[in-house]
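Only one structure is covered here, and it is reproduced in the block below.
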Amino acid sequence: MAAQPSERTGRRAGLRAALVAVLWVAVLGIIATVQLVREVPVDAAVFAIAAAVLLLDAAGLLPATPARRRIPRTVLLGAGLVGAALLALAPRHGVAAGVLVAGMGIAVAALAWPDPPAPEPLRDPRPLRRAMAAWGPVVVVLGLSQLASWLLGRPTAETKLAHPAVSELLDPLLDHPLGQALFAAAWVAAGIGLLTRGGPR
Amino acid sequence: MRELTIAVYLLCLVAALALELLARRPRRDPEQPRRLSALGAMLDALLARRAPRIALIVFWWWLGWHFLVVRTVDPPLG
Chain A
101 MAAQPSERTG RRAGLRAALV AVLWVAVLGI IATVQLVREV PVDAAVFAIA AAVLLLDAAG
161 LLPATPARRR IPRTVLLGAG LVGAALLALA PRHGVAAGVL VAGMGIAVAA LAWPDPPAPE
221 PLRDPRPLRR AMAAWGPVVV VLGLSQLASW LLGRPTAETK LAHPAVSELL DPLLDHPLGQ
281 ALFAAAWVAA GIGLLTRGGP R
Chain B
198 MRELTIAVYL LCLVAALALE LLARRPRRDP EQPRRLSALG AMLDALLARR APRIALIVFW
258 WWLGWHFLVV RTVDPPLG
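Chains as they are written, first to last, in the working numbering: chain A, 101 to 301; chain B, 198 to 275.
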C-alpha cells in the first residue's frame, strides 16, 4: 500500500534529521582528528566522545529524554556572573580554571541535551538558506586557514612567526588580566546564549 | 607572509560583520521579507536540532579549555 502524504513527510523529516546529525558527527570527527595530530589527546577525546554519543543518538540507541525544563533567566544570569568572575580571577592554565571550564561545559551540555519546544515553521525559509550558504564559506575558509597556518608554522620558530594561528595572536592578550576577564565574560555569555536560543521566541 | 596570514583572518572577520550588517539593514518597505537571515535567527535554527546544538556546545567548551586551561600555543618541532 502506498504511504500516506503525512507518513511520507514524516519519513522525509526523519531522513533529513539523520543526515544533519551525520554531517555534524563528521565535523566533530574531523576536529577530533586535527586535535590528535596536534598531540592534545584530551581535546581529541572530548570531540570523539561527542561524535560517538551523537551517532548513537541518531541511530536511536539512546533512551529518550524528558522535555527541556525552562531555567529562569535570573538563575542563568546569576550563575553566569559568578562563573565569569571566578574564571576571570582563576590563574590561567591552572587547576581552578580547568575545574571551572570542565564543570561549566558539562553543565551546559547536560542542560542543552533535551530538545527545546519545536520552533514555529518558517513562512519563508529562503533567507535562512541564503544566510547558511553565505556563512558556510566564511567558516570553512577560517577553519582551513587555521589548519594551514598550523601545518606551515609547525617546523621552526621562524615559520611559526610567519604563519601565526589565531590562538598565537590572541594568546598575549589573554595573558593580561583585563584580556582574560573579557574573554571569560564573552565565553560565559556565549554559553548562556547556546542554552537559551533555539526554541520558540 | 605573516601579514598575508593575518589578512585572511581579518577578511573572515570583515565578511562576517558585512553579512550581519547586510541582514540587519533597514528595509525600505518593512512588509517586504528580508533577503538574508541574521546570525541570531540562523543560530536559532541550528540550535533547535540536537546534533548541531551539542556540536556547537562542544566547540564553545573547547574554546574555553584551549584559551584558559591547556596549552594554547603549540611549540615548534625544530
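Ideal Cβ positions, reconstructed from N, Cα and C, are used throughout, including at glycine. Nothing here was measured: the structure is a model prediction, and the numbers come from that model.
Quick check on B/T202: buried or exposed, where buried means 16 or more other Cβ atoms within 10 Å of its Cβ? For B/T202, the number of other beta carbons within 10 angstroms of its own is at least 16, and it is reported as buried.
If you measure beta-carbon to beta-carbon, which residues of the region 223-241 of chain B are closer than 9 Å to chain A? Going along the region 223-241 of chain B in chain order, one finds P230, R231, R232, L233, S234, A235, L236, G237, A238, M239, L240 and D241 with a Cβ nearer than 9 Å to chain A.
Where B/R232 falls, given that 16 or more other Cβ within 10 Å makes a residue buried: Flag for B/R232 reads exposed.
Is the number of C-beta pairs between the region 144-158 of chain A and the region 115-129 of chain A that are closer than 8 Å three or more? By the Cβ rule, the region 144-158 of chain A counts as touching the region 115-129 of chain A, because three or more pairs are nearer than 8 Å.
Just verifying my parser: in three-state terms, what is the DSSP assignment at B/W259? DSSP places B/W259 in helix when its eight states are reduced to three.
Quick check on this structure: which residue in A/V137, A/E139, A/L154 and A/V142 has the alpha carbon closest to the alpha carbon of A/A118? Residue A/L154 holds the alpha-carbon nearest to the alpha-carbon of A/A118 among A/V137, A/E139, A/L154 and A/V142.
By Cβ distance, which residues of its chain are closer than 7 Å to A/A207, with the 5 residues on each side in sequence left out? Excluding residues within five positions, none has a Cβ falling inside 7 Å.
Contact residues within the region 192-203 of chain A, judged by C-beta distance below 7 Å to chain B: Those would be R192, H193, A197, G198 and V201, in chain order.
So B/P230 packs on A/D224, CB below 8 Å; how close in whole Å? Rounded, the Cβ-Cβ distance is 5 Å, consistent with contact.
Under 8 Å by Cβ, that's how I've got B/L240 and A/R297 pegged, so tell me the actual separation to the nearest angstrom. Contact annotation, B/L240 with A/R297: C-beta distance approximately 5 Å; criterion of less than 8 Å satisfied.
Taking only beta-carbon positions, decide if B/L265 is within less than 8 Å of chain A. Yes - at least one Cβ of chain A is within 8 Å of the one on B/L265.
Based on Cα-Cα distance, which residue from A/V122, A/E139 and A/A190 lies nearest to A/D157? Selection A/V122, A/E139 and A/A190 evaluated against A/D157 yields A/V122 as nearest (Cα-Cα).
So which residues of chain A does B/L218 contact, with C-beta pairs closer than 8 Å? Chain A residues near B/L218: none, gap ~12 Å exceeds 8 Å.
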